[in-house]
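K.L.:
Here it is, the structure in full.
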Amino acid sequence: MIFSILLYASNSSQQSEQTALRFSRSLLQQGHSIYRVFFYGDSVINASGLKVTPRDEINITEQWLELATEHEVDIVVCIAAAVRRGIIDQKEAKRHSKAAASLAPGFTLSGLGQLADAVLQSDRLITFGN
Amino acid sequence: MADKNILLIFRNPPFADSSNRDSLDIALACSAFDIPVSLLFLNDAVLQLKSNQQSELLEQKNLLKTFKALAMYEIKNFYVLGSDLQRYQLDPKQLVISCETLKQTEVAILIRKFTTVINL
């Protein structure tokens, strides 16, 4: 089955982000595919390249990127949600005259149309909210 | 791919967080992709639809105009729970959009009609 994942956790310390990652791994292990992972709301903080994770804790940003690279999963960050939270790429930094970009390499900023497209292309959309 | 339709479930009161605005944005995006969209308001979310909200006092954006404009995006199916209206002593006429009032048992039946359900 083709799945897509919608992330909306309001806090990077919440369990739902890790649950989403584990759920995604399980899907792939069981032979399903993931069309897209869409970061929305406060979950866009996951895509920050400026976070420093303590060494004895899981770096969830790296783990998403690993999963994406290994299984060719498209990971998209909602541009409207990201920009208002300071997650911006080079292009947005230039457009809004900001000193630096913060989006981790490997993530893509795009619009909600990518979520609508994921709804159309997937058999199931699973939301990990609050 | 089989025909898709989507139900967005609103659960939070207005101005508490951004989930109602975020759900509304998903509704508009899906509608632009020709996916039929329906909205269900549960619990405190019925308050989101109450007319005459003076959001300027909170220095917040008012979503009522957007709700009223949904018909232009072919979003016309709205559902509320009769027990939620009762709890807040609301008359359906006090809501900015015309909603179908459901009984508790009808919610499960409604949800089963959709290929995709988003509940932020």
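Going line by line, the protein sequences match chains V and F.
So for the first sequence, our numbering puts the first residue at 146; every next one is plus one.
So for the second sequence, our numbering puts the first residue at 5; every next one is plus one.
Every residue gets a Cβ at the ideal spot worked out from N, C-alpha and C, and that includes glycine.
Note that the coordinates shown come from a computational prediction; the quantities given were computed from them, not determined experimentally.
(1) For my contact list, Ser188 of chain V and Glu215 of chain V are in at a C-beta cut-off of 8 Å; report their separation, rounded to the angstrom.
(2) Out of V:Ala165, V:Arg181, V:Ile147 and V:Asn191, point me to the one whose CA is closest to Leu260 of chain V's CA.
(3) Whose Cβ in chain V lies nearer than 7 Å to the Cβ of Lys8 of chain F?
(4) Count the other C-beta atoms from every protein chain shown that fall within 10 angstroms of the C-beta of Ile179 of chain V, then say buried if there are 16 or more, exposed otherwise.
(5) Kindly indicate the opening and closing residues of the beta strand (DSSP E) around Phe273 of chain V.
(6) What does Tyr180 of chain V touch in chain F if you count any residue whose Cβ is under 8 Å from its own?
(7) Please list the segments of the alpha helix (DSSP H) lying wholly inside the stretch 38-101 of chain F, counting only runs of 4 or more residues, in order along the chain.
(8) Could you have a look at Ser149 of chain V and say whether DSSP puts it in helix, strand or coil?
(9) Using a cut-off of 9 Å between C-beta atoms, extract the partners of Thr272 of chain V located in chain F.
(10) Would Ala227 of chain V pass as a contact of Ala192 of chain V if the rule is Cβ separation under 8 Å?
(11) Let me check one thing: in DSSP terms, what residues is Thr253 of chain V bridge-paired to?
(12) Is the shortest distance between the beta-carbon of Gly231 of chain V and the beta-carbons of chain F less than 8 Å?
(13) Give a yes or no on contact between the stretch 255-274 of chain V and the stretch 29-47 of chain F, applying the rule of three or more CB pairs nearer than 8 Å.
(14) Rounded C-beta distance between Ile122 of chain F and Leu151 of chain V? I'm assuming under 8 Å.
(15) Along chain F, which residues have their Cβ under 9 Å away from the Cβ of Ala246 of chain V?
(16) Can you tell which of F:Ser27, F:Asp29, F:Val50 and F:Phe19 has its C-alpha closest to the C-alpha of Ser102 of chain F?
(17) By Cβ distance, which residues of its chain are closer than 6 Å to Gly274 of chain V, with the 5 residues on each side in sequence left out?
(18) Mark Asp262 of chain V as exposed unless 16 or more other C-beta atoms lie within 10 angstroms of its C-beta, in which case mark it buried.
(19) Measure from the C-beta of Leu151 of chain V to each C-beta in chain F and report whether the shortest distance is under 8 Å.
(20) In three-state DSSP terms, what is Leu28 of chain F?
(21) With 8 Å as the threshold, decide whether the Cβ of Leu257 of chain V is near any Cβ in chain F.
P.N.:
According to the structure data:
(1) Ser188 of chain V to Glu215 of chain V, Cβ: 21 Å. No contact.
(2) V:Arg181
(3) Val264 and Leu265
(4) buried
(5) Arg269 to Phe273
(6) What Tyr180 of chain V touches in chain F: nothing, since even the nearest Cβ is about 11 Å away.
(7) 68-73 and 86-91
(8) strand
(9) Val121, Ile122, Asn123 and Leu124
(10) yes
(11) V:Val221
(12) no
(13) yes
(14) 7 Å
(15) In chain order: nothing, as chain F lies at least about 24 Å away.
(16) F:Val50
(17) Tyr153
(18) buried
(19) yes
(20) helix
(21) yes
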